[in-house]
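Residue numbers (my numbering): 6 to 51.
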């Protein structure tokens, strides 16, 4: 349990943080129309 607390938990937290940081940073390099939220189409709703 001590091994998990000292090595595995911080590694998991850092991995999640780095993946989130990479996902947010990747938005800088996307074209502006792709970085915007997806449009919601309501014409075929019913």
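Yeah, the Cβ is synthetic: ideal placement off N, Cα and C, and Gly gets one too. Predicted model only: the values in this text are computed from it and were never measured.
Can you tell me the Cα-Cα spacing of residue 37 and residue 6, whole angstroms?
In the chain shown, residue 37 corresponds to position 32, counting from 1. In the chain shown, residue 6 corresponds to position 1, counting from 1. Going from the Cα of residue 37 to the Cα of residue 6 covers about 47 angstroms.
State the Cα-Cα distance for the pair residue 19 and residue 35, rounded to the nearest angstrom.
As a position in the chain shown, residue 19 is number 14, starting the count at 1. As a position in the chain shown, residue 35 is number 30, starting the count at 1. About 25 angstroms.
Could you pull the start and end residues of the alpha helix (DSSP H) that residue 15 belongs to?
For the purposes of this step, residue 15 is taken as the residue at position 10 of the chain shown. Run containing residue 15: 14 to 34, per the alpha helix (DSSP H) assignment.
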